[in-house]
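Numbering-wise (this note's numbering), the sequence shown opens with residue 990 and increments by one. Worksheet for the structure shown next.
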Amino acid sequence: MRKLFSLLLIAVTTLVACRPAQAADNSEVIVGAARTADYFPRLKGKRIALLSNHTGMVGDKHVLDLMLEEGLNVTTIFSPEHGFRGKADAGEHVSSSVDPVTGIKIASLYDGKSRYPAKEVMDQFDIIVTDIQDVGLRFYTYYCTMIDLMNAAARDNKEFMVLDRPNPNGMYVDGPILDMKYQSGVGRLPITTVHGMTLGEIARMANGEGWLKDGAKIPLTVIPCQNYTHQTRYELPIAPSPNLKNNHAIYLYPSTCYFEGTPVSLGRGTDAPFEIYGHPDFKNGTFDFTPRSVDGAKNPPQLNNLCHGRDLRNLSDEEIIAKGVDFSYVIDAYNNTNLGDEFFTRFFELLAGNGDIRQMIKDGKSAEEIKATWADDVEKFKNQRRPYLLYEE
């Protein structure tokens, strides 16, 4: 049997944790892709396009291998940011290709050309199946890619299926709802920064709320996880992208990703991306590091420059989660670099999803004062999303 991922398993992205994911009742979480009896019969006789990457694993097998072993007709593979094997840098364009093992065409959705597949690609299948590990942030691009494919499915009358996976940040909701004038590749829907939803739930909400283009609806099937609730502390078995190497970084991600909209290094090119931050001009720093060119971060900010700043690896998971979206790190860097207006780039607003936060930081507002400005957004979104949830809150 053809094995696309036999070599990938040897070179797979860094493991996040060795212990199995446990639900609140201490039983093992079963991801949607593992429930083959619930979705294989629905795929029989159909031409299938698969949106997945290196995270689409069921035990030691990739979902693509499971489908091929069952004799299902997978005609197309869609690859997201970081590519099908999850090795490309953030934002790096990934070319379409052909898998050398199976001969299946890989259509990149991150090649810098178009968000939507060409008609000749769409003509090759009847249904799109999504199986990819998300981390629950509005600016994490995998859900954006899924939404783009849902729009393409609506345009060309295709079915859509999501094999659901847990959200490691699914235990809370925080941050402002995206102001849609800042809609971009790092913000596709009017949702809070930390939305607390799985990809299956987001797909249901986008379909139900009329968020697809022109309010379109598509035939949507979600295969839910079992033994999962939104309070499950789910440890990812595989790093979802090259610079989110562990759950600690994933918990900090809602607060440290904003450095992508500044000249401050958040640790890309080190062994602790998203867990440290610094800049050559940072005053009163307590930690030094030098970003280097490495796989997954070939040209990181402040490459080869000695940076002074902070190490957040001593913070407990519980402390990070309790703070939620926390601008105190950005405020700290802003105050200690003395860069003034040069501290922020336009990308900062796209990540924040809000045009007021930059000015609040410049005006000396505290992280607590900034957080208070989106309290109503959080409550509004919690109520709006409730009909689409598949798992106990």
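Note that beta-carbon positions come from the ideal geometry of N, C-alpha and C, so glycine has one too. On a predicted model such as this, the values are computed, not experimentally measured, just so you know.
Would you mind giving the Cβ-Cβ distance between residue i and residue j, rounded to the nearest angstrom? I have them listed as a contact below 8 Å.
i: T1134; j: L1040; result: 7 Å
i: A1143; j: A1205; result: 4 Å
i: A1022; j: D1120; result: 5 Å
i: L1209; j: N1196; result: 5 Å
i: N1140; j: L1201; result: 6 Å
i: L1379; j: V1211; result: 7 Å
i: E1148; j: I1191; result: Between I1191 and E1148 the Cβ distance is about 18 Å, and since that is not below 8 Å, they are no contact.
i: D1137; j: L1098; result: 7 Å
What would DSSP say about residue i, mapped onto helix, strand or coil?
i: M1046; result: strand
i: E1382; result: coil
i: I1116; result: strand
i: G1344; result: coil
i: F1278; result: strand
i: S1355; result: coil
i: F1149; result: strand
i: F1337; result: helix
i: H1386; result: This structure does not reach residue 1386, given that the chain is present from 990 up to 1382, and the question cannot be answered.
i: D1163; result: strand
i: V1063; result: strand
i: K1254; result: Note that residue 1254 is Ser in the sequence shown, not Lys. Looking at S1254 - three-state DSSP - the assignment turns out to be strand.
i: R1031; result: helix
i: F994; result: Because the pLDDT of F994 is 44, which lies under 50, any placement of that residue in the model is unreliable, and the number read from its coordinates should be weighed accordingly. DSSP places F994 in coil when its eight states are reduced to three.
i: S1305; result: coil
i: K1094; result: strand
i: G1174; result: coil
i: T1210; result: strand
Any idea which residues DSSP pairs residue i with across the strands?
i: V1367; result: Paired residue(s): none; V1367 is not in a bridge.
i: Y1266; result: R1299
i: I1286; result: The residue asked about is misnamed: residue 1286 is Ala in this sequence, not Ile. DSSP, once it has assigned bridges, lists V1283 as partnering A1286.
For residue i, count neighbouring Cβ atoms within 10 angstroms of its own Cβ and tell me buried if that reaches 16, exposed if not.
i: V1087; result: exposed
i: G1228; result: Per the sequence presented here, residue 1228 reads as Ala, with Gly not at that position. Result: buried.
i: T1259; result: buried
i: N1372; result: exposed
i: R1375; result: exposed
i: P1243; result: buried
i: D1366; result: buried
i: T1326; result: buried
i: E1224; result: buried
i: A1311; result: exposed
i: S1282; result: exposed
i: G1080; result: Residue placement at G1080 is flagged as unreliable, the pLDDT there being 42, under the threshold of 50; a coordinate-derived value is accordingly withheld.
i: K1090; result: A quick correction: the sequence has Val, not Lys, at residue 1090. Classification of V1090: exposed, given that the 10 Å Cβ count is below 16.
The stretch 1310-1320 in contact with the stretch 1277-1288 per 3-pair CB rule at 8 Å: no
Cβ contact (3+ pairs, closer than 8 Å) linking the stretch 1182-1202 and the stretch 1255-1273: Verdict: no, contact absent.
Segment contact flag, the stretch 1283-1294 with the stretch 1350-1365, C-beta cutoff 8 Å, min 3 pairs: no
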